[in-house]
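**Student:** Below you will find the structure I want to go over with you.
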Amino acid sequence: MTAVEPLVEGVLKGDKRAIARAITLAEDDVAEAQAIASQIFPHAGKARIIGVTGPSGAGKSTLVEKIVNELRREGKTVGVVAVDPTSPFSGGAFLGDRIRMQNLSTDDGVFIRSMATRNNPGGLARATRDAVRILDASGKDAVIVETVGAGQSEVAIIKVAQTIVVVLAPGLGDEIQAIKAGMMEIGDVFVVNKADRENADQAAMNIQALLSLSEANGSWKPPIVKTVAITGEGITELLKEIDKHQLHISQGEANLRRRRLVEAELMEALKQQIANHVITELKNDGSFDSALEAILARQKDPSTTAEELLQSFLTTKGSKSKSSN
Ligand SMILES: Nc1nc2c(ncn2[C@@H]2O[C@H](COP(=O)(O)OP(=O)(O)O)[C@@H](O)[C@H]2O)c(=O)[nH]1
Ligand SMILES: [Mg+2]
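Just so you know, the sequence shown maps onto residues 1 to 325 in our numbering.
Structure representation (structure tokens):
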């Protein structure tokens, strides 16, 4: 058992070791993680949260490093959470990322963490959200989440961000992958990285065409920025566009967005609580096991049985609460 209070105190003071420990507990999904999350919650909400997503190899990590450097030059503190479930390395980041990150991690104003991959995608999304909140509560001015945009589960992860930057590289069929992974709909700012290569203008035009097809939700028109992450070209322009988007959402859309996020989070937590509660009761009174037997004997099918179990749960609960009134 880890004592929660001193850990929370450490996180709120920005202590690196406390932050690291708190994130590990969130990853491991142990009992203390819930307590930490709820004690930290009131202190979060001040950082601006930037998501960086896109296909593997597009240059996201290189770009994130340059963004961090630029924010540090402005005197801002930064947290980075890197999520790469496709990486075969435990810890989630490629060796290159590790080395790049080490350069930054000697700086006290920066905290970098790659999320472990052993969790299921849902667990990873929750752990990432917790990690972002921990860094936010620790007083970081900005928190950047980097994730490979490969599908719906990654889209769920990146949605913790207020501004989502979709990074694509020219000539790799990245646009096609972006459409498939649902990235065109979620991008607030689009980046054509590797603009030192041929076809960067063509890629930007393709993105423009795709964006004009999709119904833009809200009044924000996602800009397209060309960058060369290895040299840092275009980074100031990218940060300007991110700032513009933050300003835009702060004038109204932010509330709606935050409301939707919180609603989804509450809904998910509630579903889990309800399921746990009902299943525990059904297991305790033996009806779960007898239902299982009936299904094994092919007397019933699972979904009808589930419906019946829930009905009988609700009836007994209903009569219990009536009799207690
Ligand atoms: N030519 C060129 N290469 C780049 C650029 N940005 C990143 N790279 C290279 O592309 C590779 C993948 O970069 P990385 O940042 O790890 O991509 P990620 O998988 O999206 O995080 C690395 O070898 C980078 O050095 C760029 O702007 N131009
Ligand atoms: Mg990367």
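No residue lacks a Cβ here, since even glycine has one placed at the ideal position from N, Cα and C.
1. If you run the structure through DSSP and keep just helix, strand and coil, what is residue 81?
2. Per DSSP, which residues does residue 349 bridge with? Please list them.
3. Please state the DSSP three-state secondary structure of residue 234.
4. For the segment 1-67, which segments carrying the beta strand (DSSP E) assignment without a break, of at least 3 residues, lie completely within its bounds, in sequence order?
5. So residue 79 packs on residue 167, CB below 8 Å; how close in whole Å?
6. Specify, as a first and last residue, the run of the alpha helix (DSSP H) that residue 178 falls within.
7. Alpha carbon to alpha carbon, how far is residue 192 from residue 153?
8. Measuring straight from C-alpha to C-alpha, what distance separates residue 4 and residue 10?
9. Alpha carbon to alpha carbon, how far is residue 48 from residue 238? Give it in angstroms, no decimals.
10. Taking DSSP's pairing of strands, which residues face residue 224 in a bridge?
11. Need the endpoints of the alpha helix (DSSP H) that residue 155 sits in, please.
12. Does any heavy atom of ligand 1 sit closer than 7 Å to the C-beta of residue 193?
13. Measure how close the beta-carbons of residue 127 and residue 26 come, nearest whole angstrom, since I'm counting them as under 8 Å.
14. Output yes or no for whether 8 Å exceeds the beta carbon distance between residue 241 and residue 225.
15. Roughly how many angstroms separate the alpha carbons of residue 196 and residue 29, rounded to a whole number?
16. For residue 220, collect the residues of the same chain with a Cβ closer than 6 Å to its Cβ; drop the 5 residues on either side in sequence, then sort them by chain order.
17. Which residues in the same chain have their Cβ closer than 8 Å to the Cβ of residue 279, if we skip the five residues on either side of it in sequence?
18. Restricting to runs no shorter than 4 residues, where is the alpha helix (DSSP H) found entirely within the segment 230-299?
19. Can you tell which of 313, 82 and 6 has the C-alpha that lies nearest to the C-alpha of residue 132?
20. Under 8 Å Cβ to Cβ from residue 88, same chain only, skipping five residues before and after it: list those, please.
21. Taking 7 Å as the line, does the beta carbon of residue 61 fall inside it for any heavy atom of ligand 2?
22. Grouping DSSP H, G and I as helix and E and B as strand, with all else coil, what is residue 197?
23. Could you check the C-alpha separation between residue 284 and residue 32 for me, to the nearest Å?
24. Give a single yes or no on whether residue 229 has its beta carbon closer than 7 Å to a heavy atom of ligand 1.
25. Between the segment 138-158 and the segment 172-191, can you find at least three pairs of beta-carbon atoms closer than 8 Å?
26. With distances taken between CB atoms, is the gap from residue 50 to residue 142 smaller than 8 Å?
27. Pull the bridge partners of residue 114 from the DSSP assignment, please.
28. To the nearest angstrom, how far is it from the Cα of residue 271 to the Cα of residue 21?
29. Is the beta carbon of residue 52 closer than 8 Å to that of residue 165?
30. Taking only heavy atoms of ligand 1 into account, decide whether any of them is closer than 7 Å to the Cβ of residue 51.
31. Within 10 angstroms of the Cβ of residue 115, are there 16 or more other Cβ atoms? Answer buried if so, exposed if not.
32. Is the closest heavy atom of ligand 1 to the C-beta of residue 113 under 7 Å?
**Tutor:** Checking against the coordinates, here is how it stands:
1. The count along the sequence shown starts at 1 and reaches residue 81 at position 81. Looking at residue 81 - three-state DSSP - the assignment turns out to be strand.
2. Any property of residue 349 remains undetermined from this structure, which presents the chain solely from 1 to 325.
3. Taking the first residue of the sequence shown as position 1, residue 234 is located at position 234. The answer is coil: DSSP assigns residue 234 none of H, G, I, E or B.
4. Segments of the beta strand (DSSP E) lying fully in the segment 1-67: 48-54.
5. Residue 79 sits at position 79 when you count from the first residue of the sequence shown. Residue 167 sits at position 167 when you count from the first residue of the sequence shown. Not really, about 19 Å apart at Cβ, beyond 8 Å.
6. Position 178 of the sequence shown holds residue 178. That run of the alpha helix (DSSP H) goes 174-180.
7. Within the sequence shown, residue 192 is the residue found at index 192, counting from 1. Within the sequence shown, residue 153 is the residue found at index 153, counting from 1. Roughly 23 Å between the two C-alpha positions.
8. Reading the sequence shown from its first residue, position 4 is the one you call residue 4. Reading the sequence shown from its first residue, position 10 is the one you call residue 10. Between residue 4 and residue 10, the C-alpha separation is close to 10 Å.
9. For this step, residue 238 is matched to residue 238 along the sequence shown. For this step, residue 48 is matched to residue 48 along the sequence shown. Roughly 15 Å between the two C-alpha positions.
10. Translated into positions along the sequence shown, residue 224 becomes position 224. 190, per the DSSP bridge assignment.
11. Against the sequence shown, residue 155 aligns to sequence position 155. Counting along the chain, residue 155 sits inside the alpha helix (DSSP H) bounded by residues 152-158.
12. Here residue 193 is taken as the residue at index 193 of the sequence shown, counted from 1. The answer is yes for residue 193.
13. Start at 1 with the first residue of the sequence shown, and residue 127 comes out as number 127. Start at 1 with the first residue of the sequence shown, and residue 26 comes out as number 26. Contact check for residue 127 and residue 26: beta-carbon distance about 5 Å, within the 8 Å limit, so the pair qualifies.
14. Translated into positions along the sequence shown, residue 241 becomes position 241. Translated into positions along the sequence shown, residue 225 becomes position 225. Contact check for residue 241 against residue 225 passes: the beta carbons are separated by less than 8 Å.
15. Stepping through the sequence shown from its first residue, residue 196 is reached at position 196. Stepping through the sequence shown from its first residue, residue 29 is reached at position 29. Residue 196 and residue 29 have their C-alpha atoms some 43 Å from each other.
16. Along the sequence shown, one-based indexing puts residue 220 at 220. Answer for residue 220: 248, listed in chain order.
17. For this step, residue 279 is matched to residue 279 along the sequence shown. Around residue 279: 288.
18. Taken in chain order, the whole alpha helix (DSSP H) runs of length 4 or more contained in the segment 230-299 are 235-248, 254-284 and 287-296.
19. Looking up residue 132 in the sequence shown gives position 132. The option with the nearest alpha carbon to residue 132 is 82.
20. Position 88 of the sequence shown, counting from 1, holds the residue named residue 88. Caution applies to residue 88, whose pLDDT of 45 falls short of 50 and renders its modelled position unreliable; the model cannot decide the point.
21. Residue numbering aside, residue 61 sits at position 61 when the sequence shown is read from its first letter. Answer for residue 61: yes, Cβ within range of ligand 2.
22. In the sequence shown, residue 197 corresponds to position 197, counting from 1. The answer is coil: DSSP assigns residue 197 none of H, G, I, E or B.
23. Residue numbering aside, residue 284 sits at position 284 when the sequence shown is read from its first letter. Residue numbering aside, residue 32 sits at position 32 when the sequence shown is read from its first letter. Each residue's alpha carbon lies about 26 Å from the other.
24. Against the sequence shown, residue 229 aligns to sequence position 229. The answer is yes for residue 229.
25. Judged by Cβ distances under 8 Å, the segment 172-191 makes contact with the segment 138-158, as three or more pairs qualify.
26. The residue labelled residue 50 in the question sits at position 50 within the sequence shown. The residue labelled residue 142 in the question sits at position 142 within the sequence shown. Residue 142 sits close to residue 50, with the two beta carbons spaced by under 8 Å.
27. Numbered from 1 along the sequence shown, position 114 holds the residue referred to as residue 114. DSSP, once it has assigned bridges, lists 82 as partnering residue 114.
28. For this step, residue 271 is matched to residue 271 along the sequence shown. For this step, residue 21 is matched to residue 21 along the sequence shown. So the alpha carbons of these two residues sit roughly 28 Å apart.
29. The sequence position of residue 165 within the sequence shown is 165, counting from 1. The sequence position of residue 52 within the sequence shown is 52, counting from 1. Yes, these two residues count as a Cβ contact at 8 Å.
30. Position 51 of the sequence shown, counted from the first residue, corresponds to residue 51. Answer for residue 51: no, Cβ out of range of ligand 1.
31. Taking the first residue of the sequence shown as 1, we reach residue 115 at position 115. With a threshold of 16 other beta carbon atoms within 10 Å, residue 115 meets it and is buried.
32. Your numbering for residue 113 matches position 113 in the sequence shown. Checking the Cβ of residue 113 against ligand 1 gives no.
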